[in-house]
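This report refers to the structure that appears directly beneath it.
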């Protein structure tokens, strides 16, 4: 009992669980787009960033209004970029539970809405381009986005970023992160169920139809442009939710947190687990989040007492990306289906047919 | 001795067997036409013999030697030359470069030059356009180039898959006449798949009529054309 | 000759690719309840005509009318809504999906095809799926692919792929069905069965069918009217007997 | 004010030519590999980085001169490029992977290359930021303001030289023609008896050689780090895409992109107050616009007639 409690308060454990939850949502969203619909959204991180920035901007702005904050020295850009703003924001989080919880919910809703709209806009090139060029275009979109966040003070404070956020449970003091972990895992579980319900449906079949043969899908009444826009809307809204969770966890939103490598990580997770299989994605995310968090010198040395030679302690943070790159390559070469391959969608058409076929086999034997 | 003998060929794609036990042969200097209604498997037969389509069963002998299962490029090296129906030129290369690539397996430059001269004497049009991009040629010129490219390898036998497909009648007949000319000058035997059965049977020495993956009739061209059941044969409506 | 109101009318369609004239001033009419065959040598423009009718290509000139309505240039999914379904010569199956899923995806879904409905109208589409199961199983049973209905379509045999494609065309609940060589690559006996099935649909359900077919033997047994194309034009039109006896048809096929 | 602006623009053109030559060299490698093997190779960026590091190691650790270092860089990267094909892309091609799979695999290869270098650089002192010890000397100073360095001449000359050499290869040699033939119609190339495997190898080697040279120039020109190639990735794709993946189109598009990028950002800063931080956006926007509205490219040189077909 004591052990369980200390585990629940353990920063590394909390960190792994929260990152797992966030990446699970991000990877599920990539799976809807890439796995089910065949849109290679190499710009995934852009929509993740949208959620994070909406959360940061909204929380910062409202908190400062509540605290009637006036900057001593204004640096340009919105109020929350001002000197001294982060401290004030943190203070409001700590003292005003209604604000903290309210702004969290609001950010998720507005962030998801922003993500969805942007996703629909970004689905436009998917009509005109071959898959590989589409991938490059979407990657370019996300890089343009990052360039803007790095450069513009309004509304994102440029390289200074939006700081001073906290978890919506900051007012709980030392239990804040533990409670937040449960919230993140809860939302991730909800998103998993949502994703499962969404794709195991006639809509899921429409997605796969557009993925497998667009012209045939058209002949049977599916409008590929609409189907893709829907997939991108759903996927991008989910990615934005993941971004919101990330912002409240980390407490800051910085442009360089949204490099293409985040997208690549999500790709590796989906491919390892199994494209077009949400259960597989859970496995893929679990494995690679562990790699991501445990390939860390201070964790290995201080936490687990594993001594590392100097050259490893300097380089281990980079080696994890080597592992991720290898995962992508090896999966493509030796098992493109991933650990858990794609299966027929779980709708009555398949489930009842399974039963019927089984009965007829048994009947035949008897 | 026959140059090419294909015995009891079963061929097709994936797991569907289109050619159902066909045997054909090709003698020295012979032009043999392979005709038949749509979907009867003419192209598939030629592809199966050459090794582009899947061979399920049967044997291919070339100059008495068993070449069954040899990959297409190896067949090219031993003197079997193939003109595919489509995508049969390098559109981004000039006419001359196309011919050079046809002669890729020949190392002796003098031999290539001789070959090129021969080809240009047969196809004077190509000589005029030698520096033009093949992709810019007209349909008829493209087909000539395709045949010319295949001739560059010094083949001992040629497989032609519908060289006149999509050509206007006059140009198509011109091309077929050129094939006769090639035979006169080089004595290379040819296996010719043709949609236009009448034209093909009139010029060929012998013909096979393929119906539903089987040989329905074989014989000399005019023999086939004068048959009373020609209509049924070519429309694939066989009344037994 | 049967035939009621006009279902499909093609008026003076011309379609060129580069310099090549694939369709040259083609006009034809298909009436309700008809079973019509389209034949002609390779490259005569049959598949291009189907592609123009079904919205895959836009014609250079001319009009396509469906139930009297001008549908020229409408995308295929709009035509599907109006009741036109077409098949392809080489089955274009959704290869990552099971056989039965391919069939089900082709059905006219009432609800559940958008993300919102998939979630919020769950009960309603679940009911729909359970409701159509019997019909679906019967159809696959008839086509003799029920036993492989849970295999993905890239893992079944060529013949079964063809049958899956046909099951899809049937599931589309078309008012007019365009089929491009439904028997290509299937065994002769199966080809006969497929046509018997089409004949049944045509007679019993009044489905209008327009079919490209190379196996004239089978085709002529079932259709009441045959249209012959040659070099992008309509050469002859008539009953199977008339067509089979017409010397122009033989010349077209021999390519004189 | 005007003379200053004029000098600034002149400076921008000089720098733009240098950068453009780099985009051309890198984009060309991307193009040739894409044309022959259908791999849209993200790892090409990493080849460039490896070129920079190989040149540095050759000069600092082995004490070689500038020219031998350039040769070492080219050869090492040719080896790396060839190895990535033999180990990854060729096996994938054999099992019938799609172009998208190639692209995703190349991301994986890129990650492996970049971060294993990153890991080494992090544990060897002095390797996180490198610059060749021999600095480019000044060739001329124009108007007392604009210094033209050796590297400003070197890059365009190298680009020109390689173009000329490749032109000879592609039009005069059997091997070069076979490469073009394979790019044009792979099936017919095989039927004609062309050794497509050999063609493939040579293609990767040439792509690698050019990337290695580019990396060498970069580390001669600016300070390089393990991410330096990655920062050029979208520029090289922009050059290849604007050039319609034609051989000469890519080279010309690359040079134009370099000059336009530099000049446009200077002018935009001067007249509109846009910061130079937006320079990469020019490449990105051009690339996206070309892909969306003229996917066949804007500068397509057909004298060698290498058109891109769907």
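Chains as they are written, first to last, in the numbering used here: chain A, 2 to 367; chain B, 108 to 347; chain C, 233 to 488; chain D, 6 to 315.
For each residue, glycine too, the CB sits at the ideal point set by N, CA and C.
Rounded to the nearest angstrom, the gap between the Cα atoms of residue 196/A and residue 202/A is 11 Å.
For the 7 Å CB-CB criterion, residue 282/B and residue 250/B form a contact.
Per the coordinates, the alpha-carbon of residue 115/B lies some 7 Å from the alpha-carbon of residue 164/B. The continuous stretches of beta strand (DSSP E) do not include residue 35/A, and DSSP gives it neither H nor E. In terms of beta-carbon proximity, residue 123/D lines the interface with chain A, with at least one pair separated by less than 7 Å. When rounded, the separation of the alpha-carbon atoms in residue 124/A and residue 233/A is 6 Å. Between residue 380/C and chain A, the shortest Cβ-Cβ separation is not below 7 Å. By the Cβ test, the segment 259-266 of chain A is not in contact with the segment 61-79 of chain A, since fewer than three Cβ pairs between them sit closer than 8 Å.
Collapsing the DSSP output to three states places residue 160/A in a helix. When secondary structure is reduced to three states using DSSP, residue 234/B falls in the helix class.
Taking a C-beta cut-off of 7 Å against chain D, none of the residues of the segment 149-170 of chain B qualify. For residue 126/A, the chain D residues whose C-beta falls within less than 8 Å of its own C-beta are 293, 296, 297, listed in chain order.
Between residue 410/C and residue 276/C, the beta carbon gap of about 16 Å keeps them out of contact (Cβ cut-off 8 Å). Counting only residues of its own chain and dropping the five nearest sequence neighbours on each side, residue 186/A has a CB closer than 7 Å to the CB of 18, 22. Under the DSSP definition of a beta bridge, residue 330/C partners with 384/C. When Cβ-Cβ separations below 7 Å define contact, residue 297/B makes no contact with chain D. When secondary structure is reduced to three states using DSSP, residue 460/C falls in the strand class.
In terms of CA proximity to residue 167/A, 93/A leads the group 41/A, 148/A, 93/A. At a C-beta separation below 8 Å, residue 351/A has these neighbours in chain C: 330, 332, 333, 382. Counted as a single uninterrupted DSSP element, the beta strand (DSSP E) harbouring residue 297/C occupies residues 293-298.
Here the C-alpha atom of residue 300/B lies approximately 6 Å from the C-alpha atom of residue 149/B.
Shown here, residue 112/A sits in a helix according to DSSP, grouped into three states.
For chain C, the residues of the segment 218-233 of chain A that bring a beta carbon within less than 9 Å of one of its beta carbons are 218, 219, 220, 221, 222, 223, 224, 225, 227, 228, 231, 232, in chain order.
Within chain D, no residue has its CB atom less than 8 Å from the CB of residue 237/A, the nearest being about 18 Å off. If you draw a straight line from the Cα of residue 478/C to the Cα of residue 225/A, it is about 45 Å long.
The beta-carbon separation of residue 137/A and residue 45/D, rounded to 7 Å, stays under the 8 Å limit for a contact. Within the model, the alpha-carbon separation for residue 171/D versus residue 167/B is close to 43 Å. The contact set of residue 176/D on chain A, defined by CB atoms closer than 8 Å, is empty, because the minimum CB distance reaches about 29 Å.
Taken in chain order, the unbroken stretches of alpha helix (DSSP H) that lie wholly in the segment 120-165 of chain A and span 4 residues or more are 132-152. With contacts defined by Cβ atoms closer than 7 Å, residue 52/A and residue 190/A do not form a contacting pair.
Along the segment 184-201 of chain D, the positions whose C-beta sits under 8 Å from a C-beta of chain B are 185, 186, 188, 189, 190, 192, 193, 194, 195, 196, 197, 198, 199, read in chain order. Per DSSP, the unbroken alpha helix (DSSP H) holding residue 181/B starts and ends at 179-184. Annotation for residue 455/C: 267, 268, 269, 472 place their beta carbon closer than 7 Å to its own, counting only its chain and skipping 5 residues before and after. Between residue 265/D and residue 273/D the beta-carbon gap is near 11 Å, outside 8 Å, which marks them as no contact.
If you draw a 10 Å sphere on the C-beta of residue 140/D, you find fewer than 16 other C-beta atoms in it, and that means exposed. With 16 or more neighbouring CB atoms inside 10 Å of its own CB, residue 48/A falls in the buried class.
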